[in-house]
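Participant:
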Ligand code: C2E
Ligand code: MG
Ligand code: MG
Ligand code: MG
């Protein structure tokens with residue numbers, strides 16, 4: 625059961641070392657070819673204003689009805705169209721791309737694509753267009769000229785810096801060179817989001833060493849937010865976000881009950897299969913053509 629199609633077999637650590645090394649080398653070689661031949665695509669998953677879905681969550685309405693999805697932001701998620709394996713999930717190739725350094729040219733390609741797409745939507749829908757959120761690895765942020773590269777891509781595409789959010793992980797905040805890039809990005813006006821919040825070992829100290837504009841509650845906590853203990857955790861995180869004046873997105877919302885609970889707790893934004901799966905740009909166009917956001921993006 626896999627939502628993203630066939631997966632690359634994970635490296636079998638029981639296998640002899642030369643076999644593991646061989647598998648890695650093959651994957652790395654394929655990745656290199658894939659980058660040269662642009663065999664990657666980007667899908668976009670809506671992030672919605674939870675206040676805006678209140679009507680769809682009203683018990684009086686059909687509980688089976690799909691909620692109206694009006695993305696105030698979209699998260700860009702990369703896919704690899706492998707000639708033999710079909711669509712490969714990022715969980716299966718991003719680690720290899722990071723270890724080999726190939727994430728640097730791949731990430732540059734992703735940023736160029738997503739900036740262009742964000743401008744297209746802005747031209748069509750003005751300020752009702754979704755802002756763009758892009759995942760960036762620590763390996764990319766470690767490049768001394770990363771922020772300069774982003775500035776160049778923004779200028780080349782014509783995207784306003786505040787329309788771009790860079791999603792970082794806690795790992796990145798442990799490297800001084802990454803934190804430097806974060807400061808430089810914020811100086812440009814780019815927003816920073818701390819992804820998978822709560823799963824790291826030092827989420828709170830991270831917020832002291834690295835300035836961010838937004839946190840994304842890890843889907844592990846979304847999954848437990850309807851249980852008494854889980855509710856307390858999700859509540860504590862939003863209280864902290866409010867105290868620090870950070871935007872908050874709850875990720876991995878799969879049920880109406882989770883959406884309702886997170887909305888009650890005060891999460892301004894949510895994302896997950898309950899609202900919409902990651903989808904090609906054309907499918908997002910259909911959503912945008914169908915409605916305008918009920919809550920303005922800031
Ligand atoms: P992430 O940034 O935390 O992205 C969220 C992941 O959760 C995505 O998986 C998304 O498809 C999945 N997801 C969304 N809603 C739900 C839900 O309701 N339930 C469940 N079970 N899952 C949900 P995906 O696309 O496979 O990406 C996995 C990870 O790969 C991402 O986690 C991110 O860390 C990394 N990644 C994806 N695209 C890129 C990229 O362009 N660059 C970099 N550096 N990393 C990327
Ligand atoms: Mg993310
Ligand atoms: Mg995440
Ligand atoms: Mg994740």
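Residue numbers (UniProt numbering): 625 to 922. In this text, a Cβ means the ideal position worked out from N, Cα and C, and glycines have one as well. No experiment lies behind these values; they were computed from the predicted model shown.
(1) Report the residue from 693, 869, 741 and 663 whose alpha carbon sits nearest the alpha carbon of residue 708.
(2) Please return the same chain residues whose Cβ sits closer than 7 Å to the Cβ of residue 760, not counting the five positions on each side in sequence.
(3) Is residue 877 near residue 886, with beta carbons less than 8 Å apart?
(4) Out of 726, 903, 901 and 895, which has the shortest C-alpha to C-alpha gap to residue 676?
(5) For residue 915, I'd like the list of residues in its chain whose CB is within less than 6 Å of its CB, leaving aside the five on either flank, ordered along the chain.
(6) To the nearest angstrom, how far is it from the Cα of residue 628 to the Cα of residue 783?
(7) State yes or no: is the C-beta of residue 842 nearer than 7 Å to some heavy atom of ligand 2?
(8) What residues sit near ligand 2, counting only those whose C-beta is closer than 5 Å to one of its heavy atoms, in chain order?
(9) Excluding the five sequence neighbours on either side, which residues of its own chain have a C-beta within less than 6 Å of the C-beta of residue 815, listed in chain order?
(10) In whole angstroms, what separates the C-alpha of residue 879 from that of residue 898?
(11) Taking 7 Å as the line, does the beta carbon of residue 794 fall inside it for any heavy atom of ligand 1?
(12) Please give me, in chain order, every unbroken run of the beta strand (DSSP E) with length at least 3 that falls completely inside the segment 725 to 777.
(13) Which word fits residue 658, buried or exposed, when buried means at least 16 other C-beta atoms lie within 10 angstroms of its C-beta?
Facilitator: Result, derived from the coordinates:
(1) Counting from one through the chain shown, the residue named residue 708 turns up at place 84. Across the set 693, 869, 741 and 663, the C-alpha of 663 shows the shortest separation from the C-alpha of residue 708.
(2) Here the question's residue 760 lines up with position 136 in the chain shown. If we look at residue 760 and ignore the five residues flanking it on each side, its Cβ neighbours are 731, 790, 791 and 792.
(3) To locate residue 877, count along the chain shown from 1; it is residue 253. To locate residue 886, count along the chain shown from 1; it is residue 262. Contact flag set, yes.
(4) One-based indexing of the chain shown puts residue 676 at position 52. Across the set 726, 903, 901 and 895, the C-alpha of 895 shows the shortest separation from the C-alpha of residue 676.
(5) Residue mapping note: residue 915 aligns to position 291 of the chain shown, counting from 1. Excluding positions up to five away in sequence, the list reads 694.
(6) Numbered from 1 along the chain shown, position 4 holds the residue referred to as residue 628. Numbered from 1 along the chain shown, position 159 holds the residue referred to as residue 783. Here residue 628 scores only 49 on pLDDT, less than 50, and its place in the model is too uncertain to base an answer on.
(7) The count along the chain shown starts at 1 and reaches residue 842 at position 218. Checking the Cβ of residue 842 against ligand 2 gives no.
(8) 759, 791 and 819
(9) Translated into positions along the chain shown, residue 815 becomes position 191. The residues are 789 and 837.
(10) Translated into the one-based positions of the chain shown, residue 879 becomes position 255. Translated into the one-based positions of the chain shown, residue 898 becomes position 274. Taking the straight line joining both Cα atoms gives about 6 Å.
(11) Residue 794 sits at position 170 when you count from the first residue of the chain shown. No, Cβ of residue 794 sits at least 7 Å from all heavy atoms of ligand 1.
(12) 755 to 759
(13) On the chain shown, residue 658 is found 34 positions in, with the first residue counted as 1. With 16 or more other Cβ atoms within 10 Å, it is buried.
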